[in-house]
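Q: Quick one: the structure is below, and I'll ask about it shortly.
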Amino acid sequence: MTTNTPPIHPEKPAQATNPAMHSGDGRHPWVEPAVVIAAIGVAVTIIGLLVSIALGIYGMNVRIDGMSVRIDDLGTRMDTLETRIDDLGANLNTRMDVLAAEFKADIRDLNTRMDDLRASLSSRMDDLSTRIDDLSARMDDLSARLSTRMETLSSRIDRVYQLLLPKPPPTPT
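Anchor point for the sequence shown: position 106 equals 223 in the working numbering, and the numbering is continuous, going up by one each time.
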């Protein structure tokens, strides 16, 4: 190990680079250009990965923010829809109550009208039955009078017929 080479591990001495190929201004002779270039490459790769991660996180944050806005919009729409459904339900219940009351009133009116018609029909049927009975009695009376007249007429026709028949010649006595 040379005086310019830092120890890598306390138990194992590090292999020094060729001191004849020393580069740099002498402040850090153990930092070789290949190591520096490799370190810069690793640093650039790490920075690239960090930038990629940062951009990915930024992209996810943008998407999350967009989704948050969409979720908020969906929540607002759902609230509006819920309000509309509640209003429609209340209106429907009110209309159903009004229609039920009107229906009950119509049924009561129909029942009243049917009772009135039933009473009127019963009265008319009783009146018609009375008239039919009266007409039947009158027809029986008319039939009896007609029968009497027919008998009277028949007896008169028989007499007229008897009068119109030629008389038998007188019989000699």
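No residue lacks a Cβ here, since even glycine has one placed at the ideal position from N, Cα and C.
Taking the straight line between their C-alpha atoms, what separation do you get for Val168 and Glu199?
A: Cα to Cα, the separation comes out at about 45 Å.
Q: Please report the residue range of the alpha helix (DSSP H) in which Leu234 lies.
A: Unbroken alpha helix (DSSP H) run through Leu234: 150-281.
Q: Please confirm whether Thr288 has its beta-carbon closer than 8 Å to some beta-carbon of chain D.
A: Given the protein chain composition of this structure (a single chain), no chain D is represented.
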